[in-house]
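Peer 1: Counting from 1, position 67 in the sequence shown corresponds to residue 53 in this note's numbering; the numbering is continuous, with no gaps.
Would you mind keeping the following structure in view while I ask a few things?
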Amino acid sequence: LGVVGGLGLSAMNIWMGELNQDEGWYLYAAKQMTEGNLPYRDFAFTQAPMLPLVYSWAYPWVGKFGPLGGRAVTWGFGTLGMLFAVWLAMRAGPRKAQRLTGGLCFILIAMNVYQSYFTTVVKTYALSSLFLCAGLLALAFVGPRQGFRAAVAAGFLLACAAATRISLGAALALGGFYLLACRRRLKAWAWLDFGLGGLLGLAVTLLPFMALGREGFRFGVIEY
-13 LGVVGGLGLS
-3 AMNIWMGELN
7 QDEGWYLYAA
17 KQMTEGNLPY
27 RDFAFTQAPM
37 LPLVYSWAYP
47 WVGKFGPLGG
57 RAVTWGFGTL
67 GMLFAVWLAM
77 RAGPRKAQRL
87 TGGLCFILIA
97 MNVYQSYFTT
107 VVKTYALSSL
117 FLCAGLLALA
127 FVGPRQGFRA
137 AVAAGFLLAC
147 AAATRISLGA
157 ALALGGFYLL
167 ACRRRLKAWA
177 WLDFGLGGLL
187 GLAVTLLPFM
197 ALGREGFRFG
207 VIEY
C-alpha cells in the first residue's frame, strides 16, 4: 500500500504539481552547460553548481520532454535518496526490527505530500537529498576496525550535497565533528579520512567554477 500510494503521489505531482518558477531557471542553466557555457562565468546562477552540472548530463532526455522530463529525472533522484534513507534507518534501528524501521521510514517519506512534491519538481531538494542520505549511510559504515573507504566516501558525498545546496555544508561539518568526538570507539583517524574525502569533493565540485568565474561565484553562492 505504501508503494502504491507513493507512486500515485509521485505521478500526480509529476503531471499535476503546480509549476514552480525555479524549474525553468534550473533547466535553462543545464541547457547552457550543454552548450559549453559555465555558471558564474558566462551566466548568473544563485546556487551551488552541482544541479546544472548533473542535469546537463541528462539533458537529452530533458530536452526531448521539457519540464516533464526534468520532473521525471528529479523523481529518480528523490527516489534514490529515499531508498538510501530507508537503508540508513534499517542499519541504525534495532536488528530485530530492521524491516519495521525501514518500512516506517519508507511510509513517512513516500506518503508525505509535501516531500513528494518538492522531490518531484525541478529544484535542489531531490538531488541534495540523494547525496545527503548516501553520505550519512556511508558514515554509518565507519566502525572500530574498518572504515577508511566509508569515511572517505561519506566526506565526498556530503561535499557533493553542499555543492548542490550550500546550506548542507552544515552536514559536512557535523559529520567531521561526529567522527572526531567518537574517535576512541571508531577506526583511528576516521575523522581525517572523512576530512580528506570532503576536501576532495569540494575541490572537484566547487574549485573549477570558483577559479573560472570568481566574482560571479562569490555573489551567486555566498553574497546572494
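Just so you know, even glycine gets a beta-carbon here, dropped at the ideal spot from N, CA and C.
Here the structure is a predicted model, which means the values were calculated and not measured.
#1: Cβ atoms of Leu186 and Thr150: under 7 Å apart, would you say?
#2: Please state the DSSP three-state secondary structure of Pro38.
#3: Would you mind stating whether Leu116 and Phe51 have Cβ atoms separated by less than 7 Å?
#4: Measure how close the beta-carbons of Leu74 and Cys119 come, nearest whole angstrom, since I'm counting them as under 8 Å.
#5: Roughly how far, in whole angstroms, is the beta-carbon of Thr105 from the beta-carbon of Leu37, given that I think they are within contact range, below 8 Å?
#6: State the Cα-Cα distance for the pair Gly181 and Gly161, rounded to the nearest angstrom.
#7: Per DSSP, what are the beta-bridge partners of Phe29 in this structure?
#8: With H, G and I counted as helix, E and B as strand and the rest as coil, what does DSSP make of Thr191?
#9: Do you know offhand how far Ala34's Cα is from Leu188's?
#10: How about Ala136 and Phe127: are their beta carbons less than 7 Å apart?
#11: Nearer than 6 Å: is that true of the beta carbon of Ala139 relative to any heavy atom of the ligand MG?
#12: From what residue to what residue does the alpha helix (DSSP H) around Pro46 run?
#13: Give me the residue from Gly22, Ala139, Arg81 and Gly129 with the minimum Cα distance to Ala174.
#14: Can you round the beta-carbon distance between Ile152 and Val108 to whole angstroms, since I take them to be within the 8 Å contact cut?
#15: Report the residue ranges of all alpha helix (DSSP H) runs contained in full by the segment 89 to 174; include only those spanning at least 4 residues, in chain order.
#16: Round the Cβ separation of Pro25 and Phe195 to the nearest angstrom and send it over; I've been treating them as touching at under 8 Å.
#17: Is it right to say Ala71 is buried, meaning 16 or more other beta carbons lie within 10 angstroms of its own, or is it exposed?
#18: Is Met68 near Gly(-9), with beta carbons less than 7 Å apart?
#19: Please list, in chain order, all residues of the same chain as Asn23 whose beta carbon is under 7 Å from its beta carbon, the five residues on each side excluded.
#20: Determine the DSSP secondary structure at Gly184, reduced to helix, strand or coil.
Peer 2: So, to answer that:
#1: No, the pair does not count as a contact, with Cβ atoms beyond the cut-off.
#2: When secondary structure is reduced to three states using DSSP, Pro38 falls in the helix class.
#3: Their beta carbons are not under 7 Å apart, which means Leu116 does not touch Phe51 by this criterion.
#4: In this structure Leu74 touches Cys119 by the C-beta definition: roughly 6 Å separates them, less than 8 Å.
#5: Thr105 to Leu37, Cβ: 13 Å. No contact.
#6: Between Gly181 and Gly161, the C-alpha separation is close to 9 Å.
#7: Phe29 is bridged to Pro25.
#8: If DSSP states are grouped into helix, strand and coil, Thr191 belongs with the helices.
#9: Distance between the alpha carbons of Ala34 and Leu188: 11 Å.
#10: The criterion of a C-beta distance shorter than 7 Å is satisfied by Ala136 and Phe127.
#11: The ligand MG is not part of the structure shown, which contains no ligands of any sort.
#12: Segment Tyr45 to Phe51, the alpha helix (DSSP H) holding Pro46.
#13: The shortest Cα separation from Ala174 among Gly22, Ala139, Arg81 and Gly129 belongs to Gly129.
#14: In this structure, Ile152 and Val108 do not form a Cβ contact; the two beta carbons are roughly 18 Å apart against a cut-off of 8 Å.
#15: Look at the segment 89 to 174 and you find these whole runs of alpha helix (DSSP H), each 4 residues long or longer: 99 to 104, 110 to 126, 134 to 148 and 155 to 167.
#16: So it is a contact: roughly 6 Å between Cβ atoms.
#17: The residue in question, Ala71, is buried, as its Cβ has 16 or more Cβ neighbours within 10 Å.
#18: Taking C-beta atoms as the reference points, Met68 and Gly(-9) fail to come closer than 7 Å.
#19: So the list reads Phe29, once near-sequence residues are dropped.
#20: In this structure, Gly184 counts as helix in the three-state DSSP scheme.
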